[in-house]
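As structure tokens, the structure follows; a few thoughts come after it.
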């Protein structure tokens, strides 16, 4: 579904990605692991067109998207849940959700999807008239995921969805991702909680200093001594 081939990315003269190659197959959950500054967020931003790249070899369902503007990429079926959520804090919960459907024209379908999101995250239904800024951190993360789902994506990119959240909320977020995938959603998960990410995903990549240094089935990487030492703290 998604393929990056030897993608480079820069911030000014500083190279952030160095020949990144990865694949996300349809219907799968793939995780991208790495420490702070490894290039995980840059990878996601590059996929959705927010970072221009020196090498634009990015394909989605066989179509090159490396030079497309972000709004066209969204319409193709890719949605991102950004790190730090980037909600509209002074807008109501319901308005934030509807912003995710800005490119859609069938209002009946949008209404059905709103009800679906509220069934996934009942607290959003309870607080639909409240300002987004009034929600807790966990509720804001649910809202950010819900807003992205309102675009009806084929591929969902999540950048650190559990960062700073309480363990109970982390469990709920991962369970929601599992349910979405069970219903056919393809997911690329960028996550510092390597243990949970490896349990949830089927295939994983490890990013260090802008390079992919390891990849493989998640169940295999969980038993890799180098991964255990660096990311799981079990050695």
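Residue numbers (my numbering): 135 to 369. Note that CB positions come from ideal geometry on N, CA and C, so glycine has one too.
To which residues does DSSP link residue 198 through a beta bridge?
One-based indexing of the chain shown puts residue 198 at position 64. BP columns for residue 198 point to 193.
Could you give the distance in angstroms between the alpha-carbon of residue 182 and the alpha-carbon of residue 213?
Taking the first residue of the chain shown as 1, we reach residue 182 at position 48. Taking the first residue of the chain shown as 1, we reach residue 213 at position 79. Going from the Cα of residue 182 to the Cα of residue 213 covers about 8 Å.
Where does residue 182 sit, in a helix, a strand or coil, going by DSSP?
Working through the chain shown from its first residue, we reach residue 182 at position 48. Residue 182 falls in the coil class under three-state DSSP.
Threshold first: 4 residues or longer. Then list the alpha helix (DSSP H) segments lying entirely within the segment 242–267, N to C.
256–260
Should residue 159 go down as buried or exposed, given a rule of 16 or more other Cβ atoms within 10 Å for buried?
Looking up residue 159 in the chain shown gives position 25. Under this definition residue 159 is an exposed residue.
Quick one, which of 272, 253, 327 has its alpha-carbon nearest residue 294's?
For the purposes of this step, residue 294 is taken as the residue at position 160 of the chain shown. For the residues 272, 253, 327, the minimum Cα distance to residue 294 belongs to 327.
Please work out which residues of its chain come closer than 8 Å, Cβ to Cβ, to residue 277, disregarding the five sequence neighbours upstream and downstream, and give them in chain order.
Looking up residue 277 in the chain shown gives position 143. Closer than 8 Å at the Cβ level, and outside the excluded window around residue 277, lie 219, 221, 227, 230, 231, 255, 258, 266, 269.
Among 337, 193, 343, nearest to residue 144 - alpha-carbon criterion
One-based indexing of the chain shown puts residue 144 at position 10. Cα-wise, what sits closest to residue 144 is 343.
Do the segment 357–365 and the segment 196–211 make contact, defined as three or more Cβ pairs closer than 8 Å?
no
Determine the extent of the alpha helix (DSSP H) in which residue 233 is found, giving its start and end residues.
Your numbering for residue 233 matches position 99 in the chain shown. Its alpha helix (DSSP H) spans residues 227–233.
Pull up the DSSP beta-bridge partners for residue 149, would you.
If you number the chain shown from 1, residue 149 lands on position 15. Answer is 144.
Specify, as a first and last residue, the run of the alpha helix (DSSP H) that residue 309 falls within.
Sequence index remark: in the chain shown, residue 309 carries index 175 (1-based). Segment 301–316, the alpha helix (DSSP H) holding residue 309.
Top-ranked residue by Cα proximity to residue 318, from 283, 187, 154
Stepping through the chain shown from its first residue, residue 318 is reached at position 184. Answer by Cα proximity: 283.
Inspect the beta-carbon positions of residue 151 and residue 177 and report whether they are closer than 8 Å.
Taking the first residue of the chain shown as 1, we reach residue 151 at position 17. Taking the first residue of the chain shown as 1, we reach residue 177 at position 43. The answer is yes: Cβ separation under 8 Å.
Which residues mark the beginning and the end of the alpha helix (DSSP H) in which residue 276 is found?
Counting from 1 along the chain shown, the entry for residue 276 is found at position 142. Element bounds for residue 276: 271–283.
Across which residues does DSSP place residue 167 in a beta bridge pair?
As a working note, residue 167 is residue 33 in the chain shown. Partner(s): 340.
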